[in-house]
Amino acid sequence: MLIYGCLWRLHHQGLPAPRGLGGRWLSASRRIAAALGLCALLPGAHAQANDVTVAMQAEQVAPHSYFVQGETALGSASNQNFISNAGFVVTDSSVVVIDALGSPPLAERLLQEIRRITDKPVSHVLVTHYHADHVYGLQAFKRAGATVVAQRRSLEYLNSDTARQRLEASRQTLFPWVDEATRLVPADVWLDGDTDLKVGGFEFQLRAVGPAHTPEDMVVHVPRELVLFAGDTVFRGRIPFVGQADSRRWIASLDGLLRFDIRVMVPGHGPPSRQPAEDIRLTHDYLLYLRQTMGDAARNLEPFEDAYRKADWSRFEGLPLFGAANRMNAYNTYLQMEQERD
């Protein structure tokens, strides 16, 4: 649909179909590739909700609570960066969304799913953390009139060169889902810790649990629904992404999640859990093993390569994304343990 839409715009804006050097016609595949390149230069030539081809369907997890589940993969143009979860709660007056997915078209597609269930407006988007796969869709919700709420600690990343560089790289690797029109959207309301938000007869307990996966981690507890939206403090059914995480405090935050009175936990990645204590264990035990093995190596001044080769990864190596993430996770933990040693 996106290709045909681009070709339609080229035709109706009076631009010729692409040719090769010397005016020769290009092959069909090259004409399409060239057309898409020209389309990127046209005003309004952006991917939209109807261009999204990855499967997205809201799943009900409680009487008024829903979520959509991203693919278990690294973000790419082929999966349209639909690799994370987002949730929403239909209150008596409006809809409260938890996280905004990884591109504006995905967020627009999520809005379509919400409108399939209710015609109530989206009043708030609660951001669990500012990683790209959870926030690149924020601008779509801003256009819909929503108020964005996040922890103030997000500002350190949001205002960093790293955030800008990652967005610029994503405009290339995730085009056309992330493009020049995609922007980093700050919160309208910055929180300094725990807050209770009341919307349409529902209470949302916003709890700051960072630094953990990120400095700004926040979980959302909905007592009336007995649901916890855990963000990326919990990965279910796959290797977590550790990155620059504070693994020591992350483990402590996982222990804290068990104090919530819940029947369903929606993780940042993977299917929902109706046995939270059991499903938190994977993330908890993985982080603990990283700290034990890499911590021993750092204390003994053992080179990372030797420590990584000697470690027994058999419990985790069969999990999705082990090959893509484990070595990086181990190395970053090794560096953190060196700092803790000092």
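Under my numbering, residues 28 to 369 are what the sequence shown spells out, in order. For every residue, glycine included, the Cβ atom is placed at its ideal position computed from N, Cα and C.
- Sequence-distant partners of Ala-214 (beyond 5 residues in either direction) whose C-beta falls short of 8 Å from its own C-beta, in its chain, are Val-154, Val-175, Val-176, Ala-177 and Ser-181.
- Tyr-163 is a Cβ neighbour of Gly-129, given a cutoff of 8 Å.
- Taking the C-beta atoms as reference points, Ser-105 is found no nearer than 8 Å to Val-122.
- The Cβ atoms of Phe-256 and Thr-118 lie no closer than 8 Å to each other.
- Looking at the DSSP output, Glu-252 sits in no beta bridge, so it has no partner there.
- Between the alpha carbons of Val-269 and Val-254 lies a distance of about 25 Å.
- Within the model, the alpha-carbon separation for Val-249 versus Ile-110 is close to 24 Å.
- The residues Phe-94, Val-95, Gln-96, Gly-97, Asp-126, Val-293, Pro-294, Gly-295, His-296 and Gly-297, in chain order, have a CB closer than 8 Å to that of Asn-112 in the same chain once the five nearest residues on each side in sequence are set aside.
- Boundaries of the beta strand (DSSP E) harbouring Leu-224: 222 to 226, taken from the DSSP string.
- The criterion of a C-beta distance shorter than 8 Å is satisfied by Leu-133 and Val-79.
- C-alpha of Tyr-184 to C-alpha of Tyr-157: approximately 8 Å in a straight line.
- Taken in chain order, the whole alpha helix (DSSP H) runs of length 4 or more contained in the stretch 128 to 172 are 131 to 144, 159 to 162 and 165 to 170.
- Per DSSP, reduced to three states, the secondary structure at Leu-362 is helical.
- Here Asp-259 carries a strand assignment [DSSP, helix/strand/coil].
- Here the stretch 229 to 246 does not lie against the stretch 191 to 208, with fewer than 3 beta-carbon pairs under 8 Å apart.
- Apart from sequence neighbours up to five positions away, the residues of its chain that approach Ile-278 with a beta-carbon distance below 7 Å are His-311, Leu-314 and Leu-315, ordered along the chain.
- Taken atom to atom, the span from the alpha-carbon of Gln-192 to that of Ala-100 is near 22 Å.
- Between Ala-338 and Thr-320, the C-beta spacing is below 8 Å.
- Between the alpha carbons of Leu-317 and Ala-357 lies a distance of about 6 Å.
- Taking a C-beta distance under 8 Å as the contact criterion, Gln-107 and Val-81 qualify as a contact pair.
- Taking 8 Å as the cut-off, the beta carbon of Asp-219 is found closer than this to the beta carbon of Arg-179.
- If you draw a 10 Å sphere on the C-beta of Leu-328, you find fewer than 16 other C-beta atoms in it, and that means exposed.
- Rounded to the nearest whole angstrom, the CA to CA distance from Asn-77 to Arg-136 is 7 Å.
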